[in-house]
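Chemist:
There are 2 protein chains.
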Amino acid sequence: MSRASEQAYAKIRSHLMSAALKPGEQLTEDQLAQITGVSRTPVREAVRRLEDELLLVRSDTKRLFVADWSRDDIEEMFALRQMLECHAAERAAQRLSREQIGDLEAINRALKAAIEQPEPDVVRFLEANRAFHEVIIEAAHSPRLGQLLGRLVEAPVVLRTARTYSQDDLRQSARDHDELIAAFAARDPDWARAVMGSHLRRAFHTFAKTVGPPAPRYGNGKA
Amino acid sequence: MSRASEQAYAKIRSHLMSAALKPGEQLTEDQLAQITGVSRTPVREAVRRLEDELLLVRSDTKRLFVADWSRDDIEEMFALRQMLECHAAERAAQRLSREQIGDLEAINRALKAAIEQPEPDVVRFLEANRAFHEVIIEAAHSPRLGQLLGRLVEAPVVLRTARTYSQDDLRQSARDHDELIAAFAARDPDWARAVMGSHLRRAFHTFAKTVGPPAPRYGNGKA
DNA sequence: CGCGTGGTTATTGTATACAAAACCATCTCG
DNA sequence: CGAGATGGTTTTGTATACAATAACCACGCG
Chain A
236 MSRASEQAYA
246 KIRSHLMSAA
256 LKPGEQLTED
266 QLAQITGVSR
276 TPVREAVRRL
286 EDELLLVRSD
296 TKRLFVADWS
306 RDDIEEMFAL
316 RQMLECHAAE
326 RAAQRLSREQ
336 IGDLEAINRA
346 LKAAIEQPEP
356 DVVRFLEANR
366 AFHEVIIEAA
376 HSPRLGQLLG
386 RLVEAPVVLR
396 TARTYSQDDL
406 RQSARDHDEL
416 IAAFAARDPD
426 WARAVMGSHL
436 RRAFHTFAKT
446 VGPPAPRYGN
456 GKA
Chain B
236 MSRASEQAYA
246 KIRSHLMSAA
256 LKPGEQLTED
266 QLAQITGVSR
276 TPVREAVRRL
286 EDELLLVRSD
296 TKRLFVADWS
306 RDDIEEMFAL
316 RQMLECHAAE
326 RAAQRLSREQ
336 IGDLEAINRA
346 LKAAIEQPEP
356 DVVRFLEANR
366 AFHEVIIEAA
376 HSPRLGQLLG
386 RLVEAPVVLR
396 TARTYSQDDL
406 RQSARDHDEL
416 IAAFAARDPD
426 WARAVMGSHL
436 RRAFHTFAKT
446 VGPPAPRYGN
456 GKA
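Protein chains in written order, with the numbering used here: chain A, 236 to 458; chain B, 236 to 458.
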């Protein structure tokens, strides 16, 4: 993307991450233009992208708001992500090159290094985690699959950066990654799929704990 | 979406369907502005949408082209669609209201009516087919799932409207729909998923026959 | 004769001014 | 007192002019 609109995108996104812009808050294009230092035209471009990624939403009458993900939204998102990313893992197991498997090992070493400190470096962890999954999606050789996943993966992470991760949770993720690498090395698609499935499902529950209780089976708070 | 950009979107799309704009052809924003009768600003908006739907693509240096779907692209798309829409069928089986099941029956009657003529009305068939699947996705109650599917479903259909459908193929589709309705009425998610799976996989093969032979397992024509 | 190189044109990206639509407070009239 | 109309204000949508960048082409050099 071009310079100004890319810059606008990055800047708005970082404001969302830092919670300078809060879920539910209304935004105007002018306001974002001021924040980003470019005119409304590239801002509109950036906003469209962020809408696609579900970080921003529009009301019925075109007013712009910071997205506010409910627990149900997050569960739905994880279910879809699990479906797609299990598929990716299965394909990747049949396609990963030796080099790519080596890359995954290196990334996971970096991820472990970020954990094993007096105070785990969550930012580095998240970055390594993202890179790990990206290699897998890349290796799946399904461009549209990558595109669809790009939409889903970032949003809840970005909007809830404040959440706390226990060191045990992080370590379990690293172990999952180790097992995924083993499945890939064995070229076993079924194994890879199964590990990815439990990896993501656990990640969901870990994530959900910090958000709130599940919605009741029938009826809801609004009724 | 707003008036001008919506109009631009619809007009460009119909040009793609009528093959007035051919796969691989380069486009300029000015040219599209002339065709649609609005300025470049809403055209850019429309183009973004069409890029999202993979009907248009950009070269590495931002040049715009009509997308040209290969057989492999179409197969990939159908695989993703199958994964997502089977999920939708499963959820829909647990959630469809009596009214919605009635709607499906009505839509499928209309679909059959479009087929059972001396010369099947393919346009009406496609429209009924789209409506049928839409009810299911709606009933799945998963807004993001609907959003993802919206991306995938239209593109190849639009870009290959010229294809010919045999009356037998169309009849088989109608029968699949009948069985889906039966599965929904029985509230059997497994059954619904299975029928949807074979329905779409058959649709892919039907579609693929008109496109070309599968790519060889190793190597390709380019080498 | 091939290939870089500079200038020229075509195309996309950005800013800005204006138009249309939505919002909101207030007033009017039943 | 309240429902709904009304006008001013805010916000989004569109057109247009200009800036930046990429493609093109012709020319000269090795």
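Even for Gly, the Cβ is constructed at its ideal location relative to N, Cα and C.
With a threshold of 8 Å between beta carbons, is A:S274 in contact with chain B?
Modeler: no
Chemist: Between B:D287 and chain A, is the shortest Cβ-Cβ distance under 8 Å, so that the two count as touching?
Modeler: At least one beta carbon of chain A lies nearer than 8 Å to the beta carbon of B:D287.
Chemist: Alpha helix (DSSP H) containing B:L251: first to last residue?
Modeler: 238 to 252
Chemist: Would you kindly work out how many angstroms separate the C-alpha atoms of A:G272 and A:D338, rounded to a whole number?
Modeler: A:G272 and A:D338 have their alpha carbons spaced roughly 38 Å apart.
Chemist: Just grab the DSSP bridge partners of B:Q266 for me.
Modeler: The beta-bridge partner set that DSSP reports for B:Q266 is empty.
Chemist: DSSP on B:Q317, reduced to helix/strand/coil?
Modeler: helix
Chemist: Applying a beta-carbon distance threshold of less than 9 Å, which residues of chain A neighbour B:H322?
Modeler: A314, L315, M318
Chemist: Cutting at 7 Å between CB atoms, please list the residues of its own chain near A:P424, excluding the five before and the five after it.
Modeler: E325, A328, Q329
Chemist: Looking only at C-alpha atoms, which of A:S408, A:E389, A:L405, A:L384 sits nearest to A:L251?
Modeler: A:E389
Chemist: Nearest to A:L331 by alpha carbon, out of A:Q402, A:V370, A:S401?
Modeler: A:V370
Chemist: Kindly list the residues whose CB is nearer than 6 Å to the CB of A:D404, restricted to its own chain and excluding five residues on each side of it in sequence; keep chain order.
Modeler: Counting only Cβ-Cβ distances below 6 Å, and skipping sequence neighbours, we find T441.
Chemist: What does DSSP give as the partner residue(s) for A:V446 in the beta ladder?
Modeler: According to DSSP, A:V446 bridges with nothing at all.
Chemist: Could you work out which residues of chain A lie near B:R311, taking near to mean beta carbons separated by less than 8 Å?
Modeler: Note on identity: in this sequence residue 311 of chain B is Glu, with Arg being the wrong assignment. What B:E311 touches in chain A: S377, P378, R379, L380.
Chemist: So, with DSSP's three-state summary, where would you put B:Q335?
Modeler: helix
Chemist: For B:D411, does the count of other Cβ atoms within 10 angstroms reach 16, so buried, or fall short, so exposed?
Modeler: Answer is buried; the Cβ neighbour count reaches 16.
Chemist: So is B:A374 buried or exposed if we call it buried at 16+ other beta carbons inside 10 Å?
Modeler: buried
Chemist: Which residues does DSSP list as the beta-bridge partners of A:V370?
Modeler: A:V370 pairs with nothing; no bridge assigned.
Chemist: Determine whether the Cβ of B:R436 lies closer than 8 Å to any Cβ atom of chain A.
Modeler: no
Chemist: Can you give the Cα-Cα distance for A:R353 and A:N343, rounded to whole angstroms?
Modeler: First, the residue type needs correcting, since residue 353 of chain A is Pro and not Arg in the sequence shown. Their backbone Cα atoms lie some 19 Å apart in a straight line.
Chemist: In three-state DSSP terms, what is A:R293?
Modeler: strand
Chemist: When you compare each of B:Y244, B:I309, B:L267, B:S237 to B:R436 by their alpha carbons, which one comes out closest?
Modeler: B:I309
Chemist: Can a CB atom of chain A be found closer than 8 Å to the CB of B:L383?
Modeler: yes
Chemist: Going by DSSP, name the residue or residues bridged to A:F300.
Modeler: According to DSSP, A:F300 bridges with A:Q261, A:V292.
Chemist: State the Cα-Cα distance for the pair A:K444 and B:R238, rounded to the nearest angstrom.
Modeler: 44 Å
Chemist: In chain order, what residues of the same chain have a beta carbon less than 8 Å from the beta carbon of A:A302, not counting five sequence neighbours either side?
Modeler: P258, L289, L290, L291, V292, A390, L394
Chemist: Could you tell me the alpha carbon to alpha carbon distance between B:E340 and B:E334, rounded to whole angstroms?
Modeler: One alpha carbon belongs to B:E340, the other to B:E334, and they sit about 10 Å apart.
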